[in-house]
Ligand SMILES: Nc1ncnc2c1ncn2[C@@H]1O[C@H](COP(=O)(O)OP(=O)(O)O)[C@@H](O)[C@H]1O
Ligand SMILES: [Mg+2]
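Here it is as structure tokens:
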């Protein structure tokens, strides 16, 4: 099952897209750097999941997808487990919960953000670059298109792999240059199809008069509401509490 | 060499979701076997299942009444096979599968097989695959996909995207190959292939039907909802009640049929 936008109606969904992104980054950061120990990490993970359920987020695809990163979990867990010299199961569990926390949080962000919301988020995030003459909107468009077409290209890769096998190709034997060479039947068709698709897309957008640098109107207007300010408040409060705790 | 491939009660699934009804049929050597049906009815999936790439199905496949193992005996060309080109020349492209199998005679075999698909090896061997015309690309791609000379050849929409003459030529070549191979084709252009066809497997919403080509055309004429034949053919055939023989899907044959001067060659044969 794939993690994709699945619409629902709740305060979390109605958050300003920029605050959504900011909050996601904040929680990810929290999971990655916090030094509070196993119990509080586990509690944070459970709290995240409970809140998501409360706000009607479809969690099933995310939880199922955790299975796909089991190898990463195992490797990092074992390395962290041995990090202090002899094996320490607590370090292992901490590392695993950190990764699962980051994974679930990003999954929730993708689940609650539509295409245009993602676009808005990237645009706002890149905005400071405008000061240096960068086109924030152009960059945002590139990001959104790449994210959007990634599943398409992955699906195509799979089809081409099967089709090449049907005509006698064998993959994954040899090492180094030989391994790269055995991947050619996969890479060249996928790349050339992606380039063709990119050109089609560019032509289609141009034919509709799309111009990146021009000011455009928005179909969706995103405003800052009470709940947005509330979420910002929680984030600020947490940072403050953290700083105070370190100081004293 | 096997002469007949039989599907017994094949039921296809995608992630436990059933696709279409049970399929039972016998595909024979000698003439082309067609699979027709609406988009999404599971035609491509059926080909993949026969070739052993799609494992989620129930039922059995037999070759001459023995259990069939697809390993090394089947070639499957997916839709738009020219998308798979990755070699710098037509020769490399066609011989790729043979070289992978460490076949020492890859050159002779490659040339012979390419010529069988109507491409002159001496003129095309060194060309870059992207330099060819649409019809030539398709023929090179199909020959590259089937170069291991398997007993069963499965082609998924081999005529799609070609112009009428290209389709006619390719259909002729395919029917040549069907003389000594079991050839199974998924198509949306039965007009070009139906004259060359022995049997038709129709995968419909309500039912799956396996018929010889005469019966298939007769049923399509009698029941307008069954399978959409070309308009001109249906309208011409409305003028005369269908008798035992049915004319080919050619203007000339239909004309002679309506005049009552048709000869054997103007009729479809029972498969
Ligand atoms: N990768 C896939 N995952 C899930 N379902 C699929 C996939 N590919 C095809 N299907 C399903 O299988 C059915 C048959 O597909 P397909 O064999 O490609 O149809 P056809 O070739 O007759 O147009 C479709 O209705 C589709 O819903
Ligand atoms: Mg298909």
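Protein chains in written order, with the working numbering: chain R, 38 to 285; chain X, 349 to 619.
Virtual Cβ for every residue (Gly too), placed ideally from N, Cα, C.
Would you say residue i and residue j are within 9 Å of each other, going by their C-beta atoms?
{"i": "residue 204 of chain R", "j": "residue 566 of chain X", "result": "no"}
{"i": "residue 127 of chain R", "j": "residue 75 of chain R", "result": "yes"}
{"i": "residue 533 of chain X", "j": "residue 500 of chain X", "result": "no"}
{"i": "residue 140 of chain R", "j": "residue 57 of chain R", "result": "no"}
{"i": "residue 270 of chain R", "j": "residue 51 of chain R", "result": "no"}
{"i": "residue 585 of chain X", "j": "residue 576 of chain X", "result": "no"}
{"i": "residue 411 of chain X", "j": "residue 353 of chain X", "result": "yes"}
{"i": "residue 441 of chain X", "j": "residue 508 of chain X", "result": "no"}
{"i": "residue 459 of chain X", "j": "residue 484 of chain X", "result": "no"}
{"i": "residue 395 of chain X", "j": "residue 551 of chain X", "result": "no"}
{"i": "residue 84 of chain R", "j": "residue 68 of chain R", "result": "no"}
{"i": "residue 616 of chain X", "j": "residue 588 of chain X", "result": "no"}
{"i": "residue 92 of chain R", "j": "residue 120 of chain R", "result": "no"}
{"i": "residue 520 of chain X", "j": "residue 379 of chain X", "result": "no"}
Can you give me the C-alpha to C-alpha distance between residue i and residue j, rounded to a whole angstrom?
{"i": "residue 445 of chain X", "j": "residue 432 of chain X", "result": "13 Å"}
{"i": "residue 443 of chain X", "j": "residue 187 of chain R", "result": "32 Å"}
{"i": "residue 65 of chain R", "j": "residue 208 of chain R", "result": "37 Å"}
{"i": "residue 562 of chain X", "j": "residue 383 of chain X", "result": "15 Å"}
{"i": "residue 541 of chain X", "j": "residue 535 of chain X", "result": "9 Å"}
{"i": "residue 420 of chain X", "j": "residue 557 of chain X", "result": "29 Å"}
{"i": "residue 116 of chain R", "j": "residue 129 of chain R", "result": "8 Å"}
{"i": "residue 246 of chain R", "j": "residue 239 of chain R", "result": "11 Å"}
{"i": "residue 568 of chain X", "j": "residue 574 of chain X", "result": "5 Å"}
{"i": "residue 161 of chain R", "j": "residue 190 of chain R", "result": "27 Å"}
{"i": "residue 111 of chain R", "j": "residue 133 of chain R", "result": "8 Å"}
{"i": "residue 360 of chain X", "j": "residue 401 of chain X", "result": "12 Å"}
{"i": "residue 55 of chain R", "j": "residue 236 of chain R", "result": "31 Å"}
{"i": "residue 448 of chain X", "j": "residue 96 of chain R", "result": "45 Å"}
{"i": "residue 166 of chain R", "j": "residue 215 of chain R", "result": "43 Å"}
{"i": "residue 227 of chain R", "j": "residue 389 of chain X", "result": "27 Å"}
{"i": "residue 512 of chain X", "j": "residue 598 of chain X", "result": "13 Å"}
{"i": "residue 268 of chain R", "j": "residue 137 of chain R", "result": "23 Å"}
{"i": "residue 281 of chain R", "j": "residue 45 of chain R", "result": "38 Å"}
{"i": "residue 365 of chain X", "j": "residue 100 of chain R", "result": "22 Å"}
{"i": "residue 234 of chain R", "j": "residue 104 of chain R", "result": "32 Å"}
{"i": "residue 404 of chain X", "j": "residue 414 of chain X", "result": "21 Å"}
{"i": "residue 284 of chain R", "j": "residue 63 of chain R", "result": "21 Å"}
{"i": "residue 265 of chain R", "j": "residue 173 of chain R", "result": "24 Å"}
{"i": "residue 256 of chain R", "j": "residue 109 of chain R", "result": "41 Å"}
{"i": "residue 530 of chain X", "j": "residue 465 of chain X", "result": "16 Å"}
{"i": "residue 572 of chain X", "j": "residue 416 of chain X", "result": "37 Å"}
{"i": "residue 553 of chain X", "j": "residue 53 of chain R", "result": "46 Å"}
{"i": "residue 118 of chain R", "j": "residue 107 of chain R", "result": "16 Å"}
Under the DSSP definition of a beta bridge, which residues are partnered with residue i?
{"i": "residue 385 of chain X", "result": "X:551"}
{"i": "residue 352 of chain X", "result": "X:376"}
{"i": "residue 408 of chain X", "result": "X:356"}
{"i": "residue 556 of chain X", "result": "X:551"}
{"i": "residue 503 of chain X", "result": "X:425 and X:533"}
{"i": "residue 362 of chain X", "result": "X:365"}
{"i": "residue 415 of chain X", "result": "X:410"}
{"i": "residue 188 of chain R", "result": "Residue 188 of chain R pairs with nothing; no bridge assigned."}
{"i": "residue 595 of chain X", "result": "X:615"}
{"i": "residue 545 of chain X", "result": "X:380"}
{"i": "residue 371 of chain X", "result": "X:358"}
Quick check on this structure: which residue in the options has the alpha carbon closest to the alpha carbon of residue i?
{"i": "residue 463 of chain X", "options": "X:436, X:522, X:580 and X:539", "result": "X:522"}
{"i": "residue 544 of chain X", "options": "X:585, X:525, X:550 and X:551", "result": "X:525"}
{"i": "residue 147 of chain R", "options": "R:89, R:267, R:275 and R:284", "result": "R:89"}
{"i": "residue 61 of chain R", "options": "R:142, R:79 and R:215", "result": "R:142"}
{"i": "residue 135 of chain R", "options": "R:154, R:72 and R:145", "result": "R:72"}
{"i": "residue 601 of chain X", "options": "X:469, X:509 and X:613", "result": "X:613"}
{"i": "residue 427 of chain X", "options": "X:547, X:551, X:490 and X:461", "result": "X:490"}
{"i": "residue 229 of chain R", "options": "R:194, R:123, R:101 and R:251", "result": "R:194"}
{"i": "residue 321 of chain X", "options": "X:447, X:370, X:365 and X:349", "result": "It is not possible to answer for residue 321 of chain X, since the shown part of chain X is limited to 349 through 619."}
{"i": "residue 351 of chain X", "options": "X:373, X:377 and X:527", "result": "X:377"}
{"i": "residue 197 of chain R", "options": "X:364, X:425 and X:404", "result": "X:425"}
{"i": "residue 381 of chain X", "options": "X:349, X:538, X:452 and X:603", "result": "X:538"}
{"i": "residue 438 of chain X", "options": "X:454, X:476 and X:467", "result": "X:476"}
{"i": "residue 259 of chain R", "options": "R:202, R:150, R:168 and R:217", "result": "R:150"}
{"i": "residue 487 of chain X", "options": "X:471, X:450, X:551 and X:506", "result": "X:506"}
{"i": "residue 231 of chain R", "options": "R:192, R:145 and R:256", "result": "R:192"}
{"i": "residue 409 of chain X", "options": "X:502, X:495, X:374 and X:435", "result": "X:374"}
{"i": "residue 482 of chain X", "options": "X:510, X:368 and X:473", "result": "X:510"}
{"i": "residue 41 of chain R", "options": "R:47, R:53, R:98 and R:59", "result": "R:98"}
{"i": "residue 504 of chain X", "options": "X:617, X:368 and X:399", "result": "X:399"}
Lining residues of ligand 1 - beta-carbon closer than 5 Å to any non-hydrogen atom, in sequence order: X:362, X:367, X:387, X:388, X:389, X:390, X:391, X:392 and X:393
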